[in-house]
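Q:
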Amino acid sequence: MKQAEKLIHTNKIVPNNTAADVPLRQCKVKAYVGMPVRFPVMSENPYVVDYVYYSCGGNYLDRVILKNTVTNEIISVSDSNLDEVKVNEEELEEVINKPARSIESITAEINYYKEQTAKNFIEIGKRLNEAKAQLQHGEWLMWLKNGVDFSERTARNFMRIADRFSNRQPVADLSCSKMIALLSVPDNEIDDFIMSTHIVDGEEKTVAEMSKREVEKAVKERNEAIKREEQEKADKQRYKKLYEDKEKAAEKALDENAALRTKMKAIENRPIDIAVQEPSNEKLKQIEREAYEKARAELQQSAGASDGILPQEVTDKAKTTFLKAIEYAVEQYTTFALRMDLDTVVRDAEACITCLASAADNLRTLQARAQNQLYAANYDTFEELD
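Take 1 as the starting number for the sequence shown in UniProt numbering and just add one per residue.
(1) Would you kindly report the start and end of the unbroken beta strand (DSSP E) that includes residue 443?
(2) Going by DSSP in three states, residue 456 sits in which element: helix, strand or coil?
(3) In angstroms, rounded to a whole number, what distance separates the CA positions of A162 and T206?
(4) If you run the structure through DSSP and keep just helix, strand and coil, what is E189?
(5) Could you give the C-beta distance for N157 and I124, rounded to a whole number, given that I count them as a contact under 8 Å?
(6) Classify V219: buried if its beta carbon has 16 or more other beta carbons within 10 angstroms, exposed otherwise.
(7) Who are K205's beta bridge partners in DSSP?
(8) Mapping DSSP to helix, strand and coil, what is L174?
(9) Which first and last residues belong to the alpha helix (DSSP H) in which K324 is found?
(10) Could you tell me how far apart the beta carbons of E214 and V200 are, in whole angstroms, since I believe they sit closer than 8 Å?
(11) For M142, does the count of other Cβ atoms within 10 angstroms reach 16, so buried, or fall short, so exposed?
(12) Beta carbon of M142: closer than 7 Å to some heavy atom of the ligand NAD?
(13) Does the distance from the CB of A349 to the CB of A359 come in under 8 Å?
(14) Return the chain-ordered list of same chain residues with a C-beta closer than 6 Å to the C-beta of Y216, the five sequence neighbours on each side being excluded.
(15) Which class does M264 belong to by DSSP, given the choice of helix, strand or coil?
(16) Is the beta carbon of N120 sitting closer than 8 Å to the one on M159?
(17) Specify the secondary structure class of R179 as computed by DSSP and reduced to three states.
(18) What would DSSP say about F121, mapped onto helix, strand or coil?
(19) For M210 and E221, what's the separation of their Cα atoms in angstroms?
(20) Assign M340 to one of three DSSP states: helix, strand, or coil.
(21) Which same chain residues end up closer than 7 Å to E229 when comparing Cβ atoms and leaving out the 5 residues on each side of it in sequence?
(22) Compute the distance between the beta-carbons of K212 and K240, then report whether it is under 8 Å.
(23) For H137, does the count of other Cβ atoms within 10 angstroms reach 16, so buried, or fall short, so exposed?
(24) Quick check on N157: does DSSP put it in helix, strand or coil?
(25) Beta-carbon separation of K227 and S166 under 8 Å?
(26) Whose CA, out of P311, A325 and K263, lies closest to the CA of residue 387?
(27) Taking all protein chains shown into account, do 16 or more other C-beta atoms lie within 10 angstroms of the C-beta of R364, making it buried, or fewer, making it exposed?
(28) How big is the Cα-Cα spacing for L254 and A266?
(29) Quick check on this structure: which residue in H198, K324 and R164 has the alpha carbon closest to the alpha carbon of D187?
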């Protein structure tokens, strides 16, 4: 025999302030506010009897409700006056004497209802998607609040669950919070993630065996591991490309250096054919006379301008400016040449050398002309002395 107790709830004091055991066949109850009433029940399973005393149209009634505490099934409900409560004895005894179900049956039912719960989340999300498609712009949030009492975030989670889990089978053991945590797992990996075991706090578990916090932690660790792997892969590819580019540049430089050395060697080994012919004495005298006459004419032409000869400091400054300009130009070009490709350096350096050679020729011509003028002036002086 097992006895269950339940506090009486009344809004009026009942006469005879005593408590009594209530037999199954003929229930008579006298009690006062807050007094516990014991109902002995012959059964292996405990049963709770609710006794409620209330007023209805001036008549004071009570209700006796017997429930199975395991299945929460209502066994009998009876209304009567205060003096007597009748219980359906056959129905009560049938339930009491009913054999207990197997644990396998109970387990199957629990899993069934768990599966239905997961499906309910998905079905809610499907219908939210359908409703949003029908509502006009600006009506969605108001409808969520007034129609289904959902926040926008809750609705969005249900809709995402429907999108991700509608066509998947292994979701029976997943709560809504677990499915939300799994939304960050890529679609093509989520089935494997659900069915596989994961190490959480040193313990190997499946998603079904985890708590919400453990699922969130497992998903976070998974995402971080993939991110590290992708970063390592990207770094490896980047370093590989840098190495290949450096290697190609080095090979190109070696080829260019080899080609340049070949060109330089060919230039060094190229024979210089210069025809040398000794001029006759008459030819030499003629050349000397012509140079003398030319220098004499230039001297006579510039004789009147002797008063306009520049001061020494001006000519010195002109020479210094010229030399510095040449030095700066060569230094600047050399700096740029270090950053040019070798073919460009060979080509442009030759052009610079040609330009400098031409300038040098002009300077030599100017120098020779001045020497001739000096020679002509001195020649006349020598003739006068003779």
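The beta-carbon is built from N, C-alpha and C at its ideal position, and this holds for glycine as well.
A: The answer reads as follows:
(1) No information on residue 443 is available, as it lies outside the stretch 1 to 386 that the chain covers here.
(2) Residue 456 falls outside the range modelled here, since the chain spans only 1 to 386, and no answer is possible.
(3) Answer to the nearest angstrom: the Cα atoms are 22 Å apart.
(4) The answer is coil: DSSP assigns E189 none of H, G, I, E or B.
(5) Between N157 and I124 a beta carbon distance of about 10 Å is seen, past the 8 Å cut, so the two are scored as non-contacting.
(6) The residue is buried, with at least 16 neighbouring Cβ atoms inside 10 Å.
(7) In the DSSP output, where bridge partners are listed per residue, K205 has H198.
(8) Looking at L174 - three-state DSSP - the assignment turns out to be coil, as it is neither helix nor strand.
(9) Residues Q312 to A337.
(10) The C-beta distance from E214 to V200 rounds to 5 Å, short enough to fall under 8 Å.
(11) Its Cβ having fewer than 16 others within 10 Å, M142 is exposed.
(12) By its list of ligands, the structure shown contains no ligand whatsoever, and the ligand NAD lies outside what it can speak to.
(13) A distance of 8 Å or more separates the beta carbons of A349 and A359.
(14) Note that residue 216 is Glu in the sequence shown, not Tyr. Taking C-beta separations shorter than 6 Å and ignoring five residues to either side along the sequence, the partners of E216 in its chain run A181, following chain order.
(15) For M264, the secondary structure class from DSSP, reduced to helix, strand or coil, is helix.
(16) The criterion of a C-beta distance shorter than 8 Å is not satisfied by N120 and M159.
(17) The sequence given here has Met at residue 179, not Arg. For M179, the secondary structure class from DSSP, reduced to helix, strand or coil, is helix.
(18) Looking at F121 - three-state DSSP - the assignment turns out to be helix.
(19) Distance from the CA atom of M210 to the CA atom of E221, rounded to whole angstroms, is 14 Å.
(20) Secondary structure at M340: coil, using DSSP grouped into helix, strand and coil.
(21) Nothing meets the Cβ criterion.
(22) No, Cβ-Cβ distance for K212 and K240 is not below 8 Å.
(23) Exposed, because fewer than 16 other Cβ atoms sit within 10 Å of the Cβ of H137.
(24) In the displayed model, N157 falls within a helix according to three-state DSSP.
(25) No, the pair does not count as a contact, with Cβ atoms beyond the cut-off.
(26) The displayed coordinates of the chain run from 1 to 386. Any statement about residue 387 would go beyond what the structure contains.
(27) Classification of R364: exposed, given that the 10 Å Cβ count is below 16.
(28) Spanning the alpha carbons of L254 and A266 requires a straight line of approximately 18 Å.
(29) Considering only alpha carbons, the answer is R164.
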